[in-house]
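Worksheet: the structure to be examined is printed underneath.
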Amino acid sequence: MCGIVGFNWIDKKLIVKMLNSLHHRGPDQSGYKFYTNLTFGHKRLSIQDLSECGKQPMELDDYSIVFNGEIFNFIELKHELNKRNIKFKSNTDTEVILYYYKYYGEKCLDYFNGQFSFAIYDKKKQTIFIARDRMGIKPLYYYLDGETFIFASELKAILEFKNINKKINNYSLKHYLLFGYCPLEFSIFENIRKLMPSHYLIYNLKSKEVMEYKKYWDNIINRDNKVNLKNNIHSHLEKSIAYRTISDRPVGVLLSGGIDSSLLVCLLKNKIKNLKTFTISFDNSNYDESQYAKLVSKKFNTMHYEKKFTSKDIIKLLPEIINQFDEPLGDNSIIPNYLVSKLASEHVTVVLSGAGGDELFCGYKRYFHFNILKYLVKLPSFFKNLIKIIIRPFNSFKYFSKLNYLLYDSDSYFKIYSKLFNLYDKRVICNSKDFKNNLNKYFKSGSVDDAILFDQSEYLPNDLLYKEDMCCMAHSIEGRFPFLDHNFVKYINSTSLSNFSNFNKGKIILKSILSRFMGSKFVNRKKQGFVFPLSEYIKNDLKDIFYNEIFNFNGYNYYDKKIIKTCWDEHQLNKKDYSDLFFKIFMFNNWYKNWA
Numbered sequence: 042m043c044g045i046v047g048f049n050w051i052d053k054k055l056i057v058k059m060l061n062s063l064h065h066r067g068p069d070q071s072g073y074k075f076y077t078n079l080t081f082g083h084k085r086l087s088i089q090d091l092s093e094c095g096k097q098p099m100e101l102d103d104y105s106i107v108f109n110g111e112i113f114n115f116i117e118l119k120h121e122l123n124k125r126n127i128k129f130k131s132n133t134d135t136e137v138i139l140y141y142y143k144y145y146g147e148k149c150l151d152y153f154n155g156q157f158s159f160a161i162y163d164k165k166k167q168t169i170f171i172a173r174d175r176m177g178i179k180p181l182y183y184y185l186d187g188e189t190f191i192f193a194s195e196l197k198a199i200l201e202f203k204n205i206n207k208k209i210n211n212y213s214l215k216h217y218l219l220f221g222y223c224p225l226e227f228s229i230f231e232n233i234r235k236l237m238p239s240h241y242l243i244y245n246l247k248s249k250e251v252m253e254y255k256k257y258w259d260n261i262i263n264r265d266n267k268v269n270l271k272n273n274i275h276s277h278l279e280k281s282i283a284y285r286t287i288s289d290r291p292v293g294v295l296l297s298g299g300i301d302s303s304l305l306v307c308l309l310k311n312k313i314k315n316l317k318t319f320t321i322s323f324d325n326s327n328y329d330e331s332q333y334a335k336l337v338s339k340k341f342n343t344m345h346y347e348k349k350f351t352s353k354d355i356i357k358l359l360p361e362i363i364n365q366f367d368e369p370l371g372d373n374s375i376i377p378n379y380l381v382s383k384l385a386s387e388h389v390t391v392v393l394s395g396a397g398g399d400e401l402f403c404g405y406k407r408y409f410h411f412n413i414l415k416y417l418v419k420l421p422s423f424f425k426n427l428i429k430i431i432i433r434p435f436n437s438f439k440y441f442s443k444l445n446y447l448l449y450d451s452d453s454y455f456k457i458y459s460k461l462f463n464l465y466d467k468r469v470i471c472n473s474k475d476f477k478n479n480l481n482k483y484f485k486s487g488s489v490d491d492a493i494l495f496d497q498s499e500y501l502p503n504d505l506l507y508k509e510d511m512c513c514m515a516h517s518i519e520g521r522f523p524f525l526d527h528n529f530v531k532y533i534n535s536t537s538l539s540n541f542s543n544f545n546k547g548k549i550i551l552k553s554i555l556s557r558f559m560g561s562k563f564v565n566r567k568k569q570g571f572v573f574p575l576s577e578y579i580k581n582d583l584k585d586i587f588y589n590e591i592f593n594f595n596g597y598n599y600y601d602k603k604i605i606k607t608c609w610d611e612h613q614l615n616k617k618d619y620s621d622l623f624f625k626i627f628m629f630n631n632w633y634k635n636w637a
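Position 289 of the sequence shown, counted from 1, bears residue number 330 in our numbering, the numbering being contiguous throughout.
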């Protein structure tokens with residue numbers, strides 16, 4: 042992984058500042074070059090070809106590139122290029138990208154299997170070609186205002202350009218408060234955007250305008266393939282893992298003890314000698330899955346590293362975590378992700394993660410809740426009211442209070458699903474109707490596949506992968522995701538849902554494979570997720586910190602403190618769990634003070 046930046050004029054002071062802001066993304070090497078009307082910069086984290094030959098910006102004939110990420114099939118692509126009798130100057134995938142762009146133009150993207158964002162300067166055409174990988178693993182932001190064009194791996198680098206108007210994008214803010222992350226194309230700022238996954242953009246340096254903005258790959262769910270998934274998943278997943286263990290630096294696994302990361306360790310057992318695995322634990326047994334990580338480590342004889350964190354440790358590290366995120370993220374799992382990345386960075390440079398398993402194999406309970414709710418909300422009012430009367434005595438229980446809320450005011454499939462993310466009265470924060478027109482495109486049939494595609498297209502790149510990238514890069518390590526090989530995703534999305542889901546259980550196929558090694562008791566336990574005891578901490582050690590931040594914040598008026606105070610009191614009295622809501626507000630308020 043690396044950090045890339047560029048802009049359409051020459052400014053040495055600015056490029057140095059931008060690169061310094063991205064030092065964590067590439068501490069091994071720094072480089073920049075000036076062209077007639079362009080500046081390119083790069084921070085390098087050396088993974089392949091550790092020599093000076095891999096230094097960027099890299100040039101080939103009339104082309105120059107800055108590249109962040111990995112092209113995992115670059116060796117095969119290089120073999121194809123050898124038929125042209127090309128003499129390579131390095132053993133890097135960067136050079137392969139340049140040659141493929143030289144011969145195939147923007148069609149080069151069709152050949153790449155990887156996680157990437159890059160920019161290529163075409164001297165003859167006087168264009169900048171920027172592109173992002175299919176699943177949105179690697180980020181790329183850009184600023185376009187009049188005659189000014191800037192791109193960078195992180196928002197903070199663009200903010201080094203002081204002429205930017207830091208106006209909050211209200212659509213992004215509402216989206217953040219509903220889902221916990223900013224939307225697909227927009228950033229939290231009005232004039233800064235994200236290049237969407239599986240898209241490229243061509244900017245003309247002469248006319249100073251975008252010539253083309255195009256999607257080069259479609260992620261679709263079309264379950265026509267009747268193949269027995271169990272007979273084929275091994276070969277597909279092992280190929281993806283083999284690609285993602287190519288490295289000149291040591292490789293490890295972030296092992297939560299869940300199904301996905303445990304299966305990765307299982308499939309890697311004979312691939313990497315002295316495989317290192319990493320997990321963290323907390324001082325609350327209800328949120329501690331480290332025992333399962335230990336079982337996996339013992340079974341497959343890994344070199345296992347574990348670190349326990351207390352609420353005092355969290356308090357100490359919170360400012361460090363908050364400062365890293367230059368765009369608000371209301372997913373409280375950033376804390377355990379940040380901590381385990383910090384631990385892994387002490388031992389390896391590349392880590393494999395099980396991210397994507399839930400979105401591919403129907404691993405979230407919300408998929409099954411959605412399936413039930415889409416029928417319940419269509420019931421006549423009489424039956425809805427009857428259900429409400431029946432469950433009223435149980436409203437103190439989280440599940441029944443959710444059901445009571447979800448049954449009403451749901452006039453579209455998207456609205457039903459969005460409520461599963463925002464389980465609060467619409468007076469508290471926002472209403473999903475603000476996003477109905479933009480996001481209803483995913484919810485056409487009302488099937489579970491609609492929800493799965495929404496998560497693969499929106500939740501994955503904007504929440505999970507943004508979080509993984511920022512946490513790993515904060516500690517100068519590279520995260521890789523075997524479940525998100527685009528060929529693997531395409532294959533899984535073409536197979537029958539019955540292969541990995543029944544009425545109320547997901548990941549059937551993954552559990553079946555893993556149970557052969559770990560037993561049925563291990564795989565059939567209740568899903569935990571990579572979380573920490575935030576709800577309890579807000580009632581105890583983090584109570585004052587959160588209270589002060591939420592109720593003494595005067596930077597941006599976007600919530601009603603009286604209503605939030607009611608939620609706070611209910612939370613403290615154990616009537617309802619509002620920890621997700623409080624975390625969203627807490628993170629945005631801190632983000633605003635740091636970056637807005």
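In this text, a Cβ means the ideal position worked out from N, Cα and C, and glycines have one as well.
Item, Value
"Buried versus exposed, by CB contacts within 10 Å (16 or more), Asn378", "buried"
"Three-way DSSP call (helix, strand, coil) for Ala396 in this model", "coil"
"Host alpha helix (DSSP H) of Lys602 (start-end)", "Lys602 to Gln613"
"Any non-hydrogen atom of the ligand PLP closer than 7 Å to Asn593 Cβ", "Of ligands this structure carries none, so the ligand PLP is not represented either."
"First through last residue of the beta strand (DSSP E) which encompasses Ile169", "Thr168 to Arg173"
"Limits of the unbroken beta strand (DSSP E) element including His345", "Met344 to Phe350"
"Cβ-based burial, Asp466 [other Cβ within 10 Å; buried from 16]", "Low local confidence applies: a pLDDT of 49 at Asp466 is under 50, so the model's placement there is unreliable, and no value is given."
"Coarse secondary structure for Gly146, derived from DSSP in three states", "helix"
"Spatial distance of Tyr600 from Leu214 (CA atoms)", "11 Å"
"Three-state secondary structure (DSSP) of Lys616", "coil"
"Rounded Cβ spacing between Ser158 and Gly110 (contact assumed at less than 8 Å)", "6 Å"
"Buried or exposed by the 16-neighbour rule on C-beta atoms within 10 Å, applied to Thr351", "exposed"
"Same chain, Cβ closer than 7 Å to Leu401, five either side skipped, listed in chain order", "Phe524, Val530 and Ile533"
"Pick from Asp186, Lys128, Met252 and Asp585 that is closest to Phe170, judged by C-alpha positions", "Met252"
"Touch test, the stretch 292-306 against the stretch 245-261, Cβ-Cβ under 8 Å, three pairs minimum", "no"
"Within 8 Å, strictly: CB atoms of Leu86 and Trp636", "no"
"Same chain, Cβ closer than 8 Å to Asn263, five either side skipped, listed in chain order", "Asn534 and Ser535"
"Cβ-based neighbour list, Val381, same chain, cut-off 6 Å, excluding 5 preceding and 5 following", "Leu295, Phe319 and Ile321"
"Cβ shell of Cys513 (< 6 Å), same chain only, five flanking positions each side left out", "Ser382 and Gly520"
"Closest by C-alpha distance to Ser62, when choosing among Gln365, Phe227 and Lys357", "Gln365"
"contact_flag[the stretch 584-593, the stretch 541-554] where n(CB pairs < 8 Å) is 3 or more", "no"
"Best match in Pro180, Leu359 and Ile363 for proximity to Leu583 [C-alpha to C-alpha]", "Leu359"
"Cβ-Cβ distance between Thr390 and Arg290 below 8 Å", "yes"
"Cross-strand partners of Leu79 (DSSP beta bridge)", "Tyr76"
"Beta-carbon proximity of Leu139 to Tyr104, cut-off 8 Å", "yes"
"Cα-Cα separation between Ser71 and Leu60, rounded to whole angstroms", "8 Å"
"Range covered by the beta strand (DSSP E) that runs through Ile161", "Gly155 to Asp163"
"DSSP three-state assignment for Ser386, whether helix, strand or coil", "coil"
"Between the CA atoms of Ser386 and Ala515 - distance to the nearest angstrom", "10 Å"
"Secondary structure of Asn297, DSSP reduced to three states", "Looking at the sequence shown, residue 297 is not Asn but Ser. Coil."
"Buried or exposed by the 16-neighbour rule on C-beta atoms within 10 Å, applied to Ile51", "exposed"
"Among Gly177, Cys403 and Ala193, the one whose alpha carbon lies nearest that of Gly44", "Ala193"
"Endpoints, alpha helix (DSSP H) assigned at Leu551", "Ile549 to Met559"
"N- and C-terminal bounds of the alpha helix (DSSP H) containing Met59", "Lys53 to Ser62"
"Residues near Ile287 in its chain [Cβ-Cβ closer than 7 Å; skip 5 each side]", "Phe113"
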